[in-house]
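Trainee: If you read the sequence shown in this note's numbering, its first letter stands for residue 375, the second for the next number, and so on.
Using N, Cα and C, we set each Cβ at its ideal position, and we do this for glycine too.
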Amino acid sequence: MTSALEQLFYSGPGQAVAGKLGLPEPEKLRRGRVMPDGPVVMTSLGGSSLAAEVLDALGVTAAAALVDDGEEPPRYPDRIGALIVDARGVREIPQLESLRAVLRPAVKSLAASGRIIVLADAEVSGVEANAVRQGLDGINRTIGKELRRGATTNLVYCAPDVVATDVVSTFSFLLEGRSAFVDGQSWTVRASTSSAN
Numbered sequence: 375m376t377s378a379l380e381q382l383f384y385s386g387p388g389q390a391v392a393g394k395l396g397l398p399e400p401e402k403l404r405r406g407r408v409m410p411d412g413p414v415v416m417t418s419l420g421g422s423s424l425a426a427e428v429l430d431a432l433g434v435t436a437a438a439a440l441v442d443d444g445e446e447p448p449r450y451p452d453r454i455g456a457l458i459v460d461a462r463g464v465r466e467i468p469q470l471e472s473l474r475a476v477l478r479p480a481v482k483s484l485a486a487s488g489r490i491i492v493l494a495d496a497e498v499s500g501v502e503a504n505a506v507r508q509g510l511d512g513i514n515r516t517i518g519k520e521l522r523r524g525a526t527t528n529l530v531y532c533a534p535d536v537v538a539t540d541v542v543s544t545f546s547f548l549l550e551g552r553s554a555f556v557d558g559q560s561w562t563v564r565a566s567t568s569s570a571n
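Printed below as a string of structure tokens:
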């Protein structure tokens, strides 16, 4: 479904006016319940397996993310649809370097309407761990401003007792086209209080 503004922009007179004004053509966003077109890549920085379990529950197969360990970042052979980073367990400031090392090659290779999702702990204790938590939030917002072509990034804070089934709906929403306008946001997921009997 197109809006009136889109119809006006893509009409003959609208294109003529846009060309005279030097307006760039907006990116066509992936919409609806459509998963990313390209491959999904994943890494775990703090030893957590939650992201892998969530992707498994969604039926999404993830390849290993490339890691930048030199001056020239490695390149993915094709555009990637999403990067999932499980940063649960990251507590020390130097560990944030490992996040940069996976973000650098991924951001350069992210497909149009691609997704970056970072998982982190909602509750941490200690000055350095809290600084890392705030650092993750700042990195998320910064990357959100840097991404182009309809790509988005979001940070999902997980409570200590969260299991994969608690995160599935949030991950599904953030990976799909339904979240096309949700970028640079932080989400908090708590454990489900319902039990299936």
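Measuring CB to CB, does ILE454 end up less than 8 Å from PRO387?
Mentor: Going by C-beta atoms, ILE454 is not nearer than 8 Å to PRO387.
Trainee: Taking the alpha carbon of ASP557 as the reference point, which residue from ALA525, CYS532 and VAL536 has its own alpha carbon closest?
Mentor: The shortest C-alpha separation from ASP557 is found at ALA525.
Trainee: Here's the rule: buried if 16 or more other CB atoms are within 10 angstroms of the residue's CB, otherwise exposed. What is ARG489?
Mentor: So ARG489 ends up on the buried side.
Trainee: Do you know whose CA, among SER422, ALA456, ARG465 and LEU493, lies nearest ALA437's CA?
Mentor: ALA437 has its Cα closest to that of ALA456, out of SER422, ALA456, ARG465 and LEU493.
Trainee: If you compare alpha carbons, which of LEU493, ALA475 and PHE383 is closest to ARG422?
Mentor: Per the sequence presented here, residue 422 reads as Ser, with Arg not at that position. Ranking the options by Cα distance to SER422, first place goes to LEU493.
Trainee: In whole angstroms, what is the alpha-carbon distance linking LEU382 and GLY396?
Mentor: Going by the C-alpha atoms only, they are around 16 Å apart.
Trainee: Looking only at its own chain, which residues have a Cβ that is under 6 Å from the Cβ of ARG564, when we skip the five neighbours before and after it?
Mentor: For ARG564, where only same-chain residues beyond five positions count, the Cβ hits under 6 Å are ALA533.
Trainee: Per DSSP, what kind of secondary structure is ALA525 in: helix, strand or coil?
Mentor: It is coil, neither helix nor strand.
Trainee: Can you tell me where the alpha helix (DSSP H) with GLN559 in it begins and where it stops?
Mentor: First-last for GLN559: 559-563, but that is the beta strand (DSSP E), not the alpha helix (DSSP H).
Trainee: Have a look at ALA426 and TYR384 and give me their C-alpha separation to the nearest angstrom.
Mentor: Approximately 41 Å between the Cα atoms of the pair.
Trainee: By how many angstroms is the C-alpha of VAL501 removed from the C-alpha of ILE467?
Mentor: If I take the Cα positions, the gap works out to 11 Å.
Trainee: Please confirm whether LEU419 and VAL459 have their CB atoms less than 8 Å apart.
Mentor: Yes, these two residues count as a Cβ contact at 8 Å.
Trainee: Compare the beta carbon distance of THR539 and ALA496 with 8 Å and say whether it is the shorter of the two.
Mentor: No, the Cβ-Cβ distance between THR539 and ALA496 is not below 8 Å.
Trainee: Compute the minimum distance between the beta carbon of GLY500 and the heavy atoms of the ligand PLP, and state whether it is under 7 Å.
Mentor: You won't find the ligand PLP in this model; it holds no ligand whatsoever.
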